[in-house]
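Comments concern the structure below.
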Amino acid sequence: MTAAPAHRVLVLNSGSSSLKYQLIDMESAARLAVGLVERIGERTSRLVHTPGSGEKRERTGPVADHDAALKAVARELAADGLGLDSPQLAAIGHRVVHGGRHFTEPTVIDDAVLGEIERLIPLAPLHNPANLLGIRTAMALRPDLPQIAVFDTAFHTTMPESAARYAIDVETADAHRIRRYGFHGTSHAYVSRATAGLLGKDPAEVNVIVLHLGNGASASAVEGGRCVDTSMGLTPLEGLVMGTRSGDVDPAVVFHLARVGKMPVDEIDVLLNRRSGLIGLCGDNDMREIRRRREAGDERAKLAFDIYVHRLRKYIGAYYAVLGRVDAVVFTAGVGENESVVREAAVAGLEGLGLAVDAELNAARSSGARLVSPAGARVAVAVVPTDEEMEIARQTYALVSP
Ligand code: AMP
């Protein structure tokens, strides 16, 4: 009798002080375990582990570093009979935020790949070092196992130069690798493909506008399964109004704040990335709270909501023009999946473009992928819950399965 082929994938998403993980069975698509370690390096670290069948377990107490965190995760998995030494583990899939122009696909990690991810640190100074830490830790623990990097930017590498380049001096841009890379690509890939499935079509046949509206937010125009434009750029700051990021502003705002406001550049960075967007406009970045305040007549919350929706509508219109023909507009992530009021406002008055929501379908709460446009609508409006971990697992498994 031959051994059953390995068909489990461990997905790791390593942040500077956190490690999120999911162990997924690729034959059944079942999540065997889900968890995270947070506040790594502090005295109050916390591990939360939820087995696919069984009770959630929590442990608090110092976890010194990522190595200790992964070993703690391995112990939890082993306690459920899912140890990382199991022959059923096929590979570890790592989320890596920035793959630059170099990484257009999921990639088996070796020393050259590690070097390239390191070379991209100036483009993602907060994320890539943390991602590398997770990779190195996992490689030390299971050096024999394929470790795959899945890049947030990869899905957007199909953008034509007309969308990917800023209209600035070409030599200066190239010398500093300045171009529009886009982010949330794993989510845009998953959601655009799932939308084609919802429409009963092949991804190659459909054009989709994906609106990923979480605390970070981005839009993309996907033509026949390939990304042709996206709203985030060199960094995740560009584009839509987000929880704490401004999205699009005139770049001269930065010069003005520096010259007239005498603000140091690092302070401007913090202003635009962490003190702007919804929180800068009204003091809250949770759309649930903004909705509640707006409904109670709060003017600041109303203004924040209006600016958020106005930007969203501009991008829907822009990507409609980029694609020429649109089969679906799809909402995903925390706000997109849950806030029917945002979806309704985003397409209000766009019947001329074939866009509308059915009030009842849009208001109904459900955790599954669903259409919210009226029956027979020219353009489908859909809600598709994103699943970045499943997409990372799928891409990882596709590289290593026989
Ligand atoms: P994400 O980054 O995808 O986790 O989305 C986070 C944002 O989505 C939060 O800041 C909330 O504004 C919003 N959100 C998350 N869950 C819900 C929910 N159940 N209902 C309404 N909004 C939600």
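So for the sequence shown, our numbering puts the first residue at 56; every next one is plus one.
Each residue gets a CB set at the ideal place from its N, CA and C atoms; glycine is no exception.
query                                                                                                                                                                   : result
With a threshold of 7 angstroms, establish whether the CB of E444 neighbours any heavy atom of ligand 1.                                                                : no
Is the stretch 203 to 210 in contact with the stretch 401 to 411, if contact means three or more CB pairs nearer than 8 angstroms?                                      : no
Please name the residue in N328, G279, A418 and D353 whose C-alpha comes closest to that of R380.                                                                       : G279
Is any heavy atom of ligand 1 found at a distance shorter than 7 angstroms from the C-beta of D341?                                                                     : yes
Along the chain, where does the alpha helix (DSSP H) containing T387 start, and where does it finish?                                                                   : Element bounds for T387: not the alpha helix (DSSP H) but the beta strand (DSSP E), A383 to T387.
Could you tell me if S422 is buried or exposed, where buried requires 16 or more neighbouring beta carbons within 10 angstroms of its beta carbon?                      : exposed
DSSP on P291, reduced to helix/strand/coil?                                                                                                                             : coil
Use the C-beta contact count for G136: other C-beta atoms within 10 angstroms, 16 or more gives buried, fewer gives exposed.                                            : exposed
What do you reckon, is the C-beta of E171 under 7 angstroms from a heavy atom of ligand 1?                                                                              : no
Nearest-angstrom Cα distance between A146 and R197?                                                                                                                     : 10 angstroms
Assuming V66 is part of the beta strand (DSSP E), what are its boundary residues?                                                                                       : R63 to S69
So, for M56: in the same chain, excluding its five sequence neighbours on each side, which residues have a beta-carbon less than 7 angstroms away from its beta-carbon? : Residue confidence is low: M56 scores 43 on pLDDT, short of 50, so the model does not pin down where it sits. Its coordinate-derived value is still stated next. The answer is none, since no qualifying residue turns up.
Rounded to a whole number of angstroms, what is the C-alpha to C-alpha distance between R348 and D339?                                                                  : 10 angstroms
Let me check understanding here. Comparing Cα to Cα, which of Q77, I79, S83 and D120 lies closest to R94?                                                               : D120
Which residue's Cα is closest to the Cα of T192: V246, L169, A179 and A209?                                                                                             : L169
Taking the alpha-carbon positions, what's the V455 to P201 distance?                                                                                                    : 7 angstroms
Taking the DSSP output, what are the residues bridged to G90?                                                                                                           : Y76 and H104
Using three-state DSSP, classify N328 as helix, strand or coil.                                                                                                         : helix
Leaving out five residues on either side along the sequence, give the residues of the same chain with a beta carbon under 7 angstroms from the beta carbon of V64.      : I79, M81, A145, A146, G148, A448, T451 and Y452
How far does the alpha helix (DSSP H) with R174 in it reach, from first residue to last?                                                                                : D166 to R174
Can you tell me the Cβ-Cβ gap for Y374 and D284, rounded? I've got them flagged as a contact below 8 angstroms.                                                         : 6 angstroms
For V261, which option in V385, P429 and A228 has the closest C-alpha, if you only look at C-alpha atoms?                                                               : V385
Report all residues from its chain with a CB closer than 6 angstroms to the CB of P180; omit the five preceding and five following residues, and keep chain order.      : none
From the DSSP output, in three-state form, read off T451 for me.                                                                                                        : helix
Less than 7 angstroms between the CB of A388 and some heavy atom of ligand 1, yes or no?                                                                                : yes
Taking the straight line between their C-alpha atoms, what separation do you get for G352 and I345?                                                                     : 11 angstroms
Per DSSP, which residues does V436 bridge with? Please list them.                                                                                                       : V384
What residues match up with L426 in a beta bridge as DSSP calls it?                                                                                                     : A437
Taking I264 as the reference, give the member of D361, H243 and L254 with the closest Cα.                                                                               : H243
Taking a contact to mean a Cβ-Cβ separation below 8 angstroms, would you say T387 touches V163 in this structure?                                                       : no
Take the Cβ of A437 as the centre, count every other Cβ of all protein chains shown within 10 Å, and call the residue buried at 16 or more, exposed below.              : buried
Identify the residues that DSSP records as bridge partners of N262: which are they?                                                                                     : E278
Have a look at the DSSP bridge pairing and note the partners of T115.                                                                                                   : R101
What's the gap between the Cα of P258 and the Cα of A251?                                                                                                               : 5 angstroms
Counting only the same chain and skipping the five closest in sequence on each side, list residues whose C-beta sits under 6 angstroms from that of G298.               : N270, G332, L333 and N340
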